[in-house]
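For reference, the structure discussed in these notes is given below.
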Amino acid sequence: MSETQADQRPEDEQQTYDPEALQRKWLPVWDRLEPFRADDAVVDSGEREKRYALTMFPYPSGDLHMGHAEVTALHDVLARYWWQRGYEVLNPIGWDSFGLPAENAAIRRDEHPATYTYANIETQATSFRNYGLSFDWSRRLHTSDPEYYRWTQWLFLKFRERGLAYRKASPVNWCPNDQTVLANEQVVDGACERCGAVVTKRELTQWYFKVTEYAQRLLDDMEQLEGRWPERVLTLQRNWIGRSEGAHVDFDLHLADGSTRQVTVYTTRPDTLFGATFMVVAADAKLAAEIVAPDQAAALEAYVDEVRKASDIDRLATDRPKTGVPLGITATNPVNGEQIPVWAADYVLADYGTGAVMAVPAHDQRDLDFAKAMGLPVRRVVDTGEENPEETFVATTGDGAYVNSGDLDGLRDKAAGIGAIVDRLEAEGRGSRATNFRLRDWLLSRQRFWGAPIPIVHCAACGEVPVPEDQLPVVLPDLKGADLKPKGTSPLGAAREWVEVDCPSCGGPAERDTDTMDTFVDSSWYFLRYCSPGDTSAAFDPADLKRWGPIDMYIGGVEHAVLHLLYSRFFTKVLHDMGLLDFVEPFSAQLNQGVVINQGKKMSKSLGNGINLGDQLEEFGVDAVRLTLVFAGPPEDNIDWADVSPAGSLRFLARAWRLAGDVTSAPGADATTGDAALRRFTHRTLDEAATLVEGYRFNVMVARTMELVNATRKAIDSGCGPADPAVREAAEAVAILLSLVAPYTAEEMWERLGHEPTVARVGWPVVDPALLVEESVTAVVQVQGKVKARLEVAPDVSEADLEAAALADPAVVAAIGDKAVRKVIVRAPKLVNVVVG
Numbered sequence: 001m002s003e004t005q006a007d008q009r010p011e012d013e014q015q016t017y018d019p020e021a022l023q024r025k026w027l028p029v030w031d032r033l034e035p036f037r038a039d040d041a042v043v044d045s046g047e048r049e050k051r052y053a054l055t056m057f058p059y060p061s062g063d064l065h066m067g068h069a070e071v072t073a074l075h076d077v078l079a080r081y082w083w084q085r086g087y088e089v090l091n092p093i094g095w096d097s098f099g100l101p102a103e104n105a106a107i108r109r110d111e112h113p114a115t116y117t118y119a120n121i122e123t124q125a126t127s128f129r130n131y132g133l134s135f136d137w138s139r140r141l142h143t144s145d146p147e148y149y150r151w152t153q154w155l156f157l158k159f160r161e162r163g164l165a166y167r168k169a170s171p172v173n174w175c176p177n178d179q180t181v182l183a184n185e186q187v188v189d190g191a192c193e194r195c196g197a198v199v200t201k202r203e204l205t206q207w208y209f210k211v212t213e214y215a216q217r218l219l220d221d222m223e224q225l226e227g228r229w230p231e232r233v234l235t236l237q238r239n240w241i242g243r244s245e246g247a248h249v250d251f252d253l254h255l256a257d258g259s260t261r262q263v264t265v266y267t268t269r270p271d272t273l274f275g276a277t278f279m280v281v282a283a284d285a286k287l288a289a290e291i292v293a294p295d296q297a298a299a300l301e302a303y304v305d306e307v308r309k310a311s312d313i314d315r316l317a318t319d320r321p322k323t324g325v326p327l328g329i330t331a332t333n334p335v336n337g338e339q340i341p342v343w344a345a346d347y348v349l350a351d352y353g354t355g356a357v358m359a360v361p362a363h364d365q366r367d368l369d370f371a372k373a374m375g376l377p378v379r380r381v382v383d384t385g386e387e388n389p390e391e392t393f394v395a396t397t398g399d400g401a402y403v404n405s406g407d408l409d410g411l412r413d414k415a416a417g418i419g420a421i422v423d424r425l426e427a428e429g430r431g432s433r434a435t436n437f438r439l440r441d442w443l444l445s446r447q448r449f450w451g452a453p454i455p456i457v458h459c460a461a462c463g464e465v466p467v468p469e470d471q472l473p474v475v476l477p478d479l480k481g482a483d484l485k486p487k488g489t490s491p492l493g494a495a496r497e498w499v500e501v502d503c504p505s506c507g508g509p510a511e512r513d514t515d516t517m518d519t520f521v522d523s524s525w526y527f528l529r530y531c532s533p534g535d536t537s538a539a540f541d542p543a544d545l546k547r548w549g550p551i552d553m554y555i556g557g558v559e560h561a562v563l564h565l566l567y568s569r570f571f572t573k574v575l576h577d578m579g580l581l582d583f584v585e586p587f588s589a590q591l592n593q594g595v596v597i598n599q600g601k602k603m604s605k606s607l608g609n610g611i612n613l614g615d616q617l618e619e620f621g622v623d624a625v626r627l628t629l630v631f632a633g634p635p636e637d638n639i640d641w642a643d644v645s646p647a648g649s650l651r652f653l654a655r656a657w658r659l660a661g662d663v664t665s666a667p668g669a670d671a672t673t674g675d676a677a678l679r680r681f682t683h684r685t686l687d688e689a690a691t692l693v694e695g696y697r698f699n700v701m702v703a704r705t706m707e708l709v710n711a712t713r714k715a716i717d718s719g720c721g722p723a724d725p726a727v728r729e730a731a732e733a734v735a736i737l738l739s740l741v742a743p744y745t746a747e748e749m750w751e752r753l754g755h756e757p758t759v760a761r762v763g764w765p766v767v768d769p770a771l772l773v774e775e776s777v778t779a780v781v782q783v784q785g786k787v788k789a790r791l792e793v794a795p796d797v798s799e800a801d802l803e804a805a806a807l808a809d810p811a812v813v814a815a816i817g818d819k820a821v822r823k824v825i826v827r828a829p830k831l832v833n834v835v836v837g
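Numbering (our numbering), first residue to last: 1 to 837.
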């Protein structure tokens, strides 16, 4: 905070502003008045238009930290602004309360996860209340409540009815530390995104959501979000979905027993088929074990044991030495009839298509490295003008003329080459045009206790049987911490009284599914439940979602760009197809906040640069901390706590507070009789503040509020006087602006100005357009790019008059001297640039 924005008055005058006393005074008043309780009837009557403001709900891992303080302070600016602008605002709060951190903490304490979780929830709830946030507490939820996860289970069953939830055996990501599987999105650089352990592969039977069914719609509907979501987030989602155009190509495999088996591979470059000199199958894919020649089976098995020790990231690394084993069989290249060898290797992943790829080593570096390591042939089929990869072992990937490609030789049009090959494959029944996606189905099973049980019963006679809806929720048994230790399988399996049930279909002996759902299932629909709090008959009422949905602004971290946001979009589209929602995108607009760091680095106990939120609140008060976080910079920027000044914020708030106490005119005084200059400053500030908030430039809005406080104080001290109605108008405007950022101070100011609470609902002041018209503007005059004069001119001054005035200014005349004026550039009414020479 600059010195001009800090209070220069003696320190003893500031002591009368007591932030702690204000917090004690106003919090119970707000609890009694409930000013932010959203009313369905008000929206239905048309009295107010709705706005749905949502911040990503917290996980109860302890008390609030600086990250919570930042995102909720930013979020609250917009929610409170909408209230002031006359909207009925739904701004709910809840807790994402299932998950591994609580379960691991319970294991360490030998207690039930609920004990740890709900104690933390109450701690955080108290802190959120003290922080003065405009949440509607009547809609509070916890995803670990049976009343909530009953509907998570119901949604699972509905997805299964539509063929979107299924169970299959496949290689999965396994975290050896947390002893559970992970979705692809939860593996970061080959490690568990929660604990950092290196992820390995396991073959397990797991539950999946068929998110790939919606891959194209997830892409197409992003057009609705352009300009409303951060471009970075849209790019991350597009890349994760990974749509590509290419072809499915059928290869005949010739097995050791003399039989033939057809395998289809996907390629984006079918035009390079003439350069396919071998085929590679993922070593850990089922296909490899099914097609390997008997005399190679032992070698493959030993190799697979080694492969499973490496993460997917390691396996795909371009600089990793290539390894593999021959499978002892060949495949027929469908465009030239060549017999090419089939190998098993680790640089192809089992869950990519069929787990098999055609290798074109001349034009793919990993294929080329493998060919070099194994002594396999390399054939260039596109002449890019670069050196021959057969000699340099550097793959070429550019465009050029086809060579060694039969009828394509000499052609330089890649699109034409691809079209010709695909036409031929289709005509011969050996392939077809295809679209592929990088996106894989969402693995939602977890081998842990603290999550929503999967509502399926396994019966030897009936197979998978859904739990009847009237028996939901399937409630977790009361296991203690000692019984929760991960053993590679779900601890629920040991709760035999809970596991063993009668089959809902035949009545025979059966067992419950012992996996629980990934917590991202809970958070994929929580924003819908807020619209129908306490509904015991449905997950939500479609009429409530028609009233409140979709969310008008969602604020949270960019780290959720792929997982949470993609899953929520998927859920919304499925529920729309079920006829339960009338929108297909859950979040109309989104804003990402930065992170709070210290001394240029992420906060860490080991670095000694941690900042405790509680300590900051105790020393400076809620309002000063909130003001500091909002004022520090644009929402998306990181905040370095070493570069900001909560003490300066505290001094400013004391100055604003004193301003309200200095006003001596009565409430309702006619402001039009007051000082015209101060009134213009006030109305321009209010007009600009609205534009700034709507453009998410909250920090500049705070700066304008500080300028208004300074201008008002200057007006009082320069003779305007505290009784001038313009001073009251300005002080009231300051209180309303501060209500977005510093609610306790704003409420106290409003009372000192003679009004009833609460300032948060008084409405945005009406701006007088006549006061926005500038009587004069400052025109800058430059000579050779250097400022030589400033002229006060009429806003509608003509270019000719402005040029004449500039050239007549003595300072400009002196700067020109005896040089010739070559050119005069005029941008009325604010700039004149004189070029001499």
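Note that beta-carbon positions come from the ideal geometry of N, C-alpha and C, so glycine has one too. Quick caveat: nothing in here was measured; it's all calculated off a predicted structure.
DSSP three-state assignment for residue i, whether helix, strand or coil
{"i": "E3", "result": "Residue confidence for E3 is low, a pLDDT of 35 falling below 50, so the modelled location carries little weight and cannot support an answer."}
{"i": "Y149", "result": "helix"}
{"i": "R499", "result": "One point to set straight first is that residue 499 is Val, not Arg, in the sequence displayed. Helix at V499."}
{"i": "V181", "result": "strand"}
{"i": "R9", "result": "In this prediction, R9 scores a pLDDT of 43, lower than 50, which makes its location untrustworthy; no coordinate-derived value is stated."}
{"i": "C720", "result": "helix"}
{"i": "H65", "result": "coil"}
{"i": "Y696", "result": "coil"}
{"i": "A746", "result": "helix"}
{"i": "H142", "result": "strand"}
{"i": "Q14", "result": "Note that Q14 has pLDDT 41, beneath the 50 cutoff, so the model's placement of it is unreliable and the number below is only indicative. If DSSP states are grouped into helix, strand and coil, Q14 belongs with the helices."}
{"i": "H458", "result": "strand"}
{"i": "A165", "result": "strand"}
Counterpart residues of residue i in DSSP-defined beta bridges
{"i": "R790", "result": "V780"}
{"i": "T260", "result": "H254"}
{"i": "D441", "result": "Paired residue(s): none; D441 is not in a bridge."}
{"i": "P171", "result": "E203"}
{"i": "Y402", "result": "V382"}
{"i": "R243", "result": "F437"}
{"i": "N833", "result": "Q782, I825"}
{"i": "H248", "result": "Y266, S432"}
{"i": "G463", "result": "C459"}
Boundaries of the beta strand (DSSP E) in which residue i is found, first to last residue
{"i": "I736", "result": "No beta strand (DSSP E) contains I736, which is instead part of the alpha helix (DSSP H) from 725-738."}
{"i": "E203", "result": "200-209"}
{"i": "G94", "result": "92-95"}
{"i": "F36", "result": "Careful: F36 lies outside any beta strand (DSSP E) and carries neither H nor E."}
{"i": "V280", "result": "278-282"}
{"i": "A840", "result": "No statement about residue 840 is possible, as the shown extent of the chain runs from 1 to 837 and does not include it."}
{"i": "P101", "result": "Run containing P101: none in the beta strand (DSSP E); it sits in the alpha helix (DSSP H), 100-109."}
Residue range of the alpha helix (DSSP H) that includes residue i
{"i": "Y116", "result": "113-130"}
{"i": "D31", "result": "19-33"}
{"i": "G556", "result": "That residue, G556, is in no alpha helix (DSSP H); its beta strand (DSSP E) goes 553-556."}
{"i": "R519", "result": "First, the amino acid is wrong: residue 519 is Thr here, not Arg. First-last of the alpha helix (DSSP H) with T519: 519-522."}
{"i": "K50", "result": "First-last for K50: 50-55, but that is the beta strand (DSSP E), not the alpha helix (DSSP H)."}
{"i": "V422", "result": "414-427"}
With a threshold of 8 Å, are at least 3 pairs of Cβ atoms found where one atom belongs to the segment 659-675 and the other to the segment 724-732? These segments touch.
Evaluate the contact criterion for the segment 504-517 versus the segment 533-546: three or more CB pairs, one atom per stretch, below 8 Å. The segment 504-517, when compared against the segment 533-546, does not touch it at the 8 Å Cβ threshold.
Entirely within the segment 304-381 and at least 4 residues each: give me those alpha helix (DSSP H) ranges in chain order. DSSP runs (the alpha helix (DSSP H)) wholly in the segment 304-381: 312-316, 365-374.
Hey, which unbroken runs of the beta strand (DSSP E) at 3 residues or more fall wholly within the segment 563-651? Here the runs fully enclosed are 590-592.
Segment contact, 8 Å Cβ cut-off, at least three pairs: the segment 111-119 with the segment 63-73: In this structure the segment 111-119 does not touch the segment 63-73; the number of beta carbon pairs closer than 8 Å is below three.
Would you check if the segment 398-416 and the segment 227-243 touch, i.e. whether three or more CB-CB distances between them fall below 8 Å? With the cut-off at 8 Å, the segment 227-243 and the segment 398-416 do not touch.
Are the segment 272-290 and the segment 333-348 touching by the rule of at least three beta carbon pairs closer than 8 Å? Because the criterion of three Cβ pairs below 8 Å is met, the segment 272-290 and the segment 333-348 touch.
Report yes or no: do three or more beta-carbon pairs, one from the segment 480-488 and one from the segment 155-173, lie closer than 8 Å? Taking 8 Å as the limit for Cβ pairs, the verdict is that the segment 155-173 does not touch the segment 480-488.
Does the segment 83-94 come close enough to the segment 43-63 to have 3 or more Cβ pairs within less than 8 Å? Short answer: they touch.
Is there contact here, the segment 438-447 with the segment 198-208, by at least three beta-carbon pairs under 8 Å? Taking a cut-off of 8 Å for Cβ pairs, the segment 438-447 and the segment 198-208 touch, as three or more such pairs fall below it.
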